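Oh and the sequence shown: position 67 is 70 in our numbering, straight run, nothing missing.
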Amino acid sequence: MVKRIVEIVLQLTSIGLVIAAAGLWAGAGVDARPRHRDEQTLVGGAIWSQIIIPIGLMISKIVEEPIDIFVQGYYVVTGICLLWLTSAFLIAHEMQWLSRQRANSTAPMIRSLRSSRQLSRNPRVVSSHTMISQFDRAYYAIGIICFVAGAVKLSELIFAIVKS
């Protein structure tokens, strides 16, 4: 009985983290990056698959319908891989994009600091402050949340292996 409750709590924690990532994803604006539709597909697929599949696993636990450990292990391992790959891609992509923006904005800023009048006229310097937007921080946060959700899923897998 207690083992089943611990398993359900781990699944609820994982789903809660994924729902938090879904909230950030929805708040970030799906159409904000039309060039990166694959990124939208990756994030959306990871979020929706990790909401729907664990709900099915929880229903099987609640109604005490035994599910084969290999089936549960398959879904949990797939979830871990999906969440961690999504996390790695998002964090690496955002860090690369941020470092590229900083490199592009540093040189014009150094040149234009000689005159405050030039600073306001240089569009690259002015736009560099708006480049680091909430959207990019949201995707970085989604990557971190997906990593933590994958770690919770890993603890769920370890618990399922130890339990059986």
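Where is the CB? At the ideal position from N, CA and C, for every residue including glycine.
All values reported here derive from a predicted model rather than from experimental measurement.
- With 16 or more other Cβ atoms inside 10 Å of its own Cβ, Ala49 counts as buried.
- In the three-state scheme derived from DSSP, where H, G and I count as helix and E and B as strand, Met4 is classed as coil.
- Non-local C-beta neighbours of Ala154 in its own chain, meaning closer than 6 Å and more than five positions away in sequence, are absent.
- Spatial neighbours of Trp100 in its own chain (CB-CB distance under 8 Å, excluding positions within 5 residues in sequence) are listed in chain order as Asp139.
- Collapsing the DSSP output to three states places Ser52 in a helix.
- One Cα belongs to Ile161, the other to Ile22, and the distance between them is close to 23 Å.
- In the structure shown, the three-state DSSP call for Ser167 is coil.
- One alpha carbon belongs to Glu97, the other to Gly47, and they sit about 17 Å apart.
- Counting other Cβ atoms within 10 Å of its Cβ, Pro57 reaches 16 or more and is therefore classed as buried.
- Distances from the CA of Thr89 to each of Ile8, Gln14, Gly146 were compared; the closest alpha carbon is that of Gly146.
- Here Gln53 is not near Ala163, since their CB atoms are 8 Å or more apart.
- A distance below 8 Å separates the beta carbons of Ser167 and Ile72.
- Ile148 places its beta carbon 8 Å or farther from that of Leu13.
- Counting the other Cβ atoms within 10 Å of the Cβ of Val79 gives 16 or more, which makes it buried.
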